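Visitor:
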Amino acid sequence: MTAPKTEHNPADLVTVRVVTRHLPEHLPSDSDKYAFAYQITVVNHNSFAVKLTHRYWLVTDANGKETEVSGEGVVGKQPTIEPGDSFQYTSGSVIDTEVGTMQGYYDMKTADGDVFKVPIEPFRLALPNIIN
Numbered sequence: 154m155t156a157p158k159t160e161h162n163p164a165d166l167v168t169v170r171v172v173t174r175h176l177p178e179h180l181p182s183d184s185d186k187y188a189f190a191y192q193i194t195v196v197n198h199n200s201f202a203v204k205l206t207h208r209y210w211l212v213t214d215a216n217g218k219e220t221e222v223s224g225e226g227v228v229g230k231q232p233t234i235e236p237g238d239s240f241q242y243t244s245g246s247v248i249d250t251e252v253g254t255m256q257g258y259y260d261m262k263t264a265d266g267d268v269f270k271v272p273i274e275p276f277r278l279a280l281p282n283i284i285n
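Take the position in the sequence shown, starting the count at 1, then add 153; the result is the number in the working numbering.
#1: May I ask you to list the residues that DSSP assigns as paired with Ala263?
#2: Label Ser182 either buried or exposed according to how many other C-beta atoms from any shown protein chain fall within 10 Å of its C-beta, with 16 as the threshold for buried.
#3: Which same chain residues end up closer than 7 angstroms to Val271 when comparing Cβ atoms and leaving out the 5 residues on each side of it in sequence?
#4: Pull up the DSSP beta-bridge partners for Ser244, would you.
#5: Measure the C-alpha to C-alpha separation of Asp238 and Glu178 and round it to an integer number of angstroms.
#6: Spell out a yes or no on whether the segment 216-226 and the segment 184-191 are touching, meaning 3 or more CB-CB pairs, one atom from each, closer than 8 angstroms.
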């Protein structure tokens, strides 16, 4: 389906929801690092399909240490998300502190080849009950 020409930015009609959790079982008990999972749901509210082609993450720990992560697609896929549909995946991050943040964007493409960025607002990685 060809993407209709519209006056709005297609990124405005793609939403990203994030749920995080601490994964203490993924590291040795004497580790000085902290593992977290994040479950992402990407919902396409456009009237045309979009393809997630690239990801970029900026991971920041409580000490201000920044790590950039980028690559094609997500979890080995470049999903096409049809109008009204969603794509969900789970991935993870390991940081040096009990608290950190992640933020970034997805590059998306329409069937016409138009490329746009979907920003992902900062979200928190934190041990349970560490922050009120």
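All residues carry an ideal CB built from backbone N, CA and C; glycine is no exception.
Quick caveat: nothing in here was measured; it's all calculated off a predicted structure.
Guide: Quick look at the numbers:
#1: Looking up residue 263 in the sequence shown gives position 110. It should be pointed out that residue 263 corresponds to Thr in this sequence rather than to Ala. In the DSSP output, where bridge partners are listed per residue, Thr263 has Val203.
#2: Taking the first residue of the sequence shown as 1, we reach residue 182 at position 29. It counts as exposed.
#3: As a position in the sequence shown, residue 271 is number 118, starting the count at 1. These residues qualify, in order along the chain: Ala164, Val167, Val169, Tyr258, Tyr259 and Met261.
#4: Counting from 1 along the sequence shown, the entry for residue 244 is found at position 91. Bridge partners of Ser244: Tyr191.
#5: Residue mapping note: residue 238 aligns to position 85 of the sequence shown, counting from 1. Residue mapping note: residue 178 aligns to position 25 of the sequence shown, counting from 1. Approximately 33 angstroms between the Cα atoms of the pair.
#6: no
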